[in-house]
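2 protein chains.
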Amino acid sequence: MSADRPLILVSNDDGITSTGIRVLVECMKTLGEVVVVAPDSPQSGMGHAITIGDTLRVHEENIFGDVKAYSCSGTPADCVKLAKHHVLADRKPDLVVSGINHGANTSISVLYSGTMSAAIEGCIEGLPAIGFSLCDYGAHASFDHIEGYVKKIASQVLKTGLPKGTALNVNFPKKSDGDIKGIKVCRQAHAFWQEKFDERYDPMGRRYFWLAGDFVNHDKGEDNDVWAIDNGYVSVVPVQYDMTAHHAIALLNDEWDI
Amino acid sequence: MSADRPLILVSNDDGITSTGIRVLVECMKTLGEVVVVAPDSPQSGMGHAITIGDTLRVHEENIFGDVKAYSCSGTPADCVKLAKHHVLADRKPDLVVSGINHGANTSISVLYSGTMSAAIEGCIEGLPAIGFSLCDYGAHASFDHIEGYVKKIASQVLKTGLPKGTALNVNFPKKSDGDIKGIKVCRQAHAFWQEKFDERYDPMGRRYFWLAGDFVNHDKGEDNDVWAIDNGYVSVVPVQYDMTAHHAIALLNDEWDI
Chain A
1 MSADRPLILV
11 SNDDGITSTG
21 IRVLVECMKT
31 LGEVVVVAPD
41 SPQSGMGHAI
51 TIGDTLRVHE
61 ENIFGDVKAY
71 SCSGTPADCV
81 KLAKHHVLAD
91 RKPDLVVSGI
101 NHGANTSISV
111 LYSGTMSAAI
121 EGCIEGLPAI
131 GFSLCDYGAH
141 ASFDHIEGYV
151 KKIASQVLKT
161 GLPKGTALNV
171 NFPKKSDGDI
181 KGIKVCRQAH
191 AFWQEKFDER
201 YDPMGRRYFW
211 LAGDFVNHDK
221 GEDNDVWAID
231 NGYVSVVPVQ
241 YDMTAHHAIA
251 LLNDEWDI
Chain B
1 MSADRPLILV
11 SNDDGITSTG
21 IRVLVECMKT
31 LGEVVVVAPD
41 SPQSGMGHAI
51 TIGDTLRVHE
61 ENIFGDVKAY
71 SCSGTPADCV
81 KLAKHHVLAD
91 RKPDLVVSGI
101 NHGANTSISV
111 LYSGTMSAAI
121 EGCIEGLPAI
131 GFSLCDYGAH
141 ASFDHIEGYV
151 KKIASQVLKT
161 GLPKGTALNV
171 NFPKKSDGDI
181 KGIKVCRQAH
191 AFWQEKFDER
201 YDPMGRRYFW
211 LAGDFVNHDK
221 GEDNDVWAID
231 NGYVSVVPVQ
241 YDMTAHHAIA
251 LLNDEWDI
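Which chain is which? The protein sequence lines are A and B, in order. When you line the first sequence up against my numbering, it's residues 1 to 258, in that order. When you line the second sequence up against my numbering, it's residues 1 to 258, in that order.
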């Protein structure tokens, strides 16, 4: 690959054969040299899981034309680690992009999201990184209304980089919600999943459960990602891997008697 | 169970049969009524993964004497969700504790840690929550030097609660490091795993990889968890599930031209 164009690593959590990653590869090809390292099977909800008690397999795949692509038996975070330290050991990527996820990763979902774990892993490795998600779970979701925004945001990050220790969590409204009004840089909404467990019995009469639930937004603000999506904007949340609640340190030191 | 003693939910990521959870159950029995919901197999490195494309199994287990215990086929985060919304649907726990993990969860490991994902899931559910980890990977690690601290920290949290949206990441030095000097409330260190992939070939001649690597600390501060452990203190880091890099929002709004 030529060294004059930026090198862009593409990963995801829906697996290397998903429509979303195919759209992302096409968008990134207009901006630089692309290499794909993505899971060989769906990894939704894998959070920041890594494979530490088992082996990893990597296979070169020929499904993106002239774009080098590798499937990996591990998690999204594994894919980015493996890309950085093995597949691309000779040349550091200029940008890591993950997605485009089939479904929303707004608010608290950033913690459960395999898409975002690939981006955050890139960030931990010191690389500018973006996770893209489309708020449409439909099997035949349309991506054409967001391609311009994907390229614009990736171009911006290639040009100016990102603040140290931060990655971007980008969500897009679905096409049927109408024309996109623009981009909002915002915070993670205080919204949560209200879980329910669906209790069933298998053909042998043994009980099992499905995790189910509804997304509930208690956040009245207009500066958060759920508001942005609900109002027709692209949401861009800068996220960090420092999980310290810095404001709580002095509080605990004052209050605690140990 | 009687309602006059606090209800304490115990989970972990090493699995319900591990030594660490047994020690934690014994400690918590001195403070309240204990219910265990923990993975039926080791789940180290699972991060904040949840089971969304597969079923969950739950079995009552009789391995903790008179303490009610349930094994779950899912991740640590699944266990806490299932405990809150199914097993303990009639009575909200007063405290969620996870661990005691066999191995360190300092610094960036908070992201990869199944132990911490159980605690953070408790926090998302609005419950005071603590993850405990012993910085000793030995199969026969000793826990007796930390039991007093585990009880002390859990008692403190039962008494005063925790700031909204925060959980505690508590790490303990290993016994052979000598007497514990005390407790330090601190921040997550800027330290990272320097990955290496160990390349091998299976008996069929096919290549596979093991994730390996070294923990590298570039943080010169004395207010972080790695420093605390290295200097004989118990580290207590308040962590939050809001991953927004709030400081970066204004910066992106100023810099970006989109």
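Ideal Cβ positions, reconstructed from N, Cα and C, are used throughout, including at glycine.
Check: Taking DSSP's pairing of strands, which residues face A98 of chain B in a bridge?; Outcome: Sequence inspection shows Ser at residue 98 of chain B; the Ala mentioned does not correspond to that position. Per DSSP, B:S11, B:G131.
Check: Alpha carbons only, please: which of A:H48, A:P39, A:R57 is nearest the one belonging to R206 of chain B?; Outcome: A:R57
Check: Would you please verify whether the beta carbon of G15 of chain B is less than 7 Å from any beta carbon of chain A?; Outcome: no
Check: Indicate the three-state DSSP secondary structure (helix, strand or coil) for C123 of chain A in the structure shown.; Outcome: helix
Check: Indicate whether the contact test is met: 3 or more Cβ pairs, each with one atom in the region 195-204 of chain B and one in the region 68-88 of chain B, closer than 8 Å.; Outcome: no
Check: Start and end of the alpha helix (DSSP H) containing A38 of chain A?; Outcome: Counting along the chain, A38 of chain A falls outside any alpha helix (DSSP H), though it belongs to the beta strand (DSSP E) covering 33-39.
Check: For W210 of chain A, return the contacting residues in chain B, with the cut-off set at a CB-CB distance below 8 Å.; Outcome: T55, L56
Check: Between the Cα of K220 of chain B and the Cα atoms of B:V23, B:L24, B:R187, B:V87, which residue gives the shortest distance?; Outcome: B:R187
Check: Taking the runs of the beta strand (DSSP E) that are 3 residues or longer, which of them lie wholly in the region 46-109 of chain A?; Outcome: 58-61, 68-72, 95-102
Check: Return no unless some Cβ of chain A is closer than 7 Å to the Cβ of T19 of chain B.; Outcome: no
Check: Does E26 of chain B get closer than 7 Å to chain A when you measure Cβ to Cβ?; Outcome: no
Check: Evaluate T30 of chain B with the Cβ neighbour count: other Cβ atoms within 10 Å of its Cβ, from every protein chain shown; 16 or more gives buried, anything less gives exposed.; Outcome: exposed
Check: May I ask you to report which of helix, strand or coil DSSP gives A260 of chain B?; Outcome: Since the first residue shown for chain B is 1 and the last is 258, residue 260 of chain B is missing from the structure and cannot be characterised.
Check: Using DSSP's beta-bridge definition, name the partner residues of F197 of chain A.; Outcome: A:L211
Check: Which residue comes first and which comes last in the beta strand (DSSP E) that contains F167 of chain B?; Outcome: Going by the sequence as given, residue 167 of chain B is Ala instead of Phe. Here the beta strand (DSSP E) through A167 of chain B covers 166-172.
Check: Per the DSSP calculation, P163 of chain A is bridged to which residue(s)?; Outcome: DSSP lists no partner for P163 of chain A.
Check: Give a yes or no on whether the minimum CB-CB distance between D230 of chain A and chain B is below 7 Å.; Outcome: no
Check: Taking V87 of chain B and V34 of chain B to be in contact with their CB atoms under 8 Å, please state how far apart those CB atoms are, rounded to whole angstroms.; Outcome: Not a contact, Cβ separation roughly 13 Å.
Check: Would V37 of chain A count as contacting chain B if we go by Cβ distances under 7 Å?; Outcome: no
Check: Three-state secondary structure (DSSP) at Y233 of chain B?; Outcome: strand
Check: Whole angstroms is fine: what's the gap from S2 of chain B's alpha carbon to M28 of chain B's?; Outcome: Below a pLDDT of 50, predicted positions are generally treated as unreliable, and S2 of chain B, at 49, falls in that range; no measurement from the model is reported.
Check: Would DSSP call A141 of chain A helix, strand or coil?; Outcome: coil
Check: Does R187 of chain A come out as helix, strand or coil in the three-state DSSP assignment?; Outcome: strand
Check: Please list, in chain order, the chain B residues whose beta carbon lies closer than 7 Å to that of I180 of chain A.; Outcome: In chain order: nothing, as chain B lies at least about 12 Å away.
Check: Compare the beta carbon distance of S11 of chain B and S98 of chain B with 7 Å and say whether it is the shorter of the two.; Outcome: yes
Check: Label L204 of chain B either buried or exposed according to how many other C-beta atoms from any shown protein chain fall within 10 Å of its C-beta, with 16 as the threshold for buried.; Outcome: A small correction: the amino acid at residue 204 of chain B is Met; Leu does not occupy that position in the sequence shown. When all chains shown are included, M204 of chain B counts as exposed.
Check: If I follow the unbroken alpha helix (DSSP H) through M28 of chain B, where does it start and stop?; Outcome: 19-29
Check: Taking DSSP as the reference, what is the three-state secondary structure of Q43 of chain B?; Outcome: coil
Check: Beta carbon of T106 of chain A, beta carbon of D225 of chain A: below 7 Å?; Outcome: yes
Check: Tell me V216 of chain B's beta-bridge partners as DSSP assigns them.; Outcome: B:F192
Check: State whether the region 151-166 of chain A contacts the region 39-51 of chain B, with contact taken as three or more CB pairs (one from each stretch) at a distance under 8 Å.; Outcome: no
Check: Cβ closer than 7 Å: which chain A residues qualify as neighbours of T106 of chain B?; Outcome: Correct list: empty, because the minimum Cβ distance to chain A is about 12 Å.
Check: Give a yes or no on whether 7 Å exceeds the smallest Cβ distance from V110 of chain B to chain A.; Outcome: yes
Check: Starting from the C-beta of G320 of chain A, find all residues in its chain whose C-beta is less than 8 Å away, skip the five residues before and the five after it, and write them out in chain order.; Outcome: With chain A running from 1 to 258 in the structure shown, residue 320 of chain A is simply not present.
Check: Which of the residues in the region 193-208 of chain A, read from start to end, lie with their CB under 7 Å from any CB of chain B?; Outcome: E195, K196, F197, Y208
Check: Closer than 9 Å between beta carbons: that is the criterion. Which residues of the region 155-178 of chain A meet it against chain B?; Outcome: S155, Q156, K159, T160, L162, P163, G165, T166, A167, L168, N169
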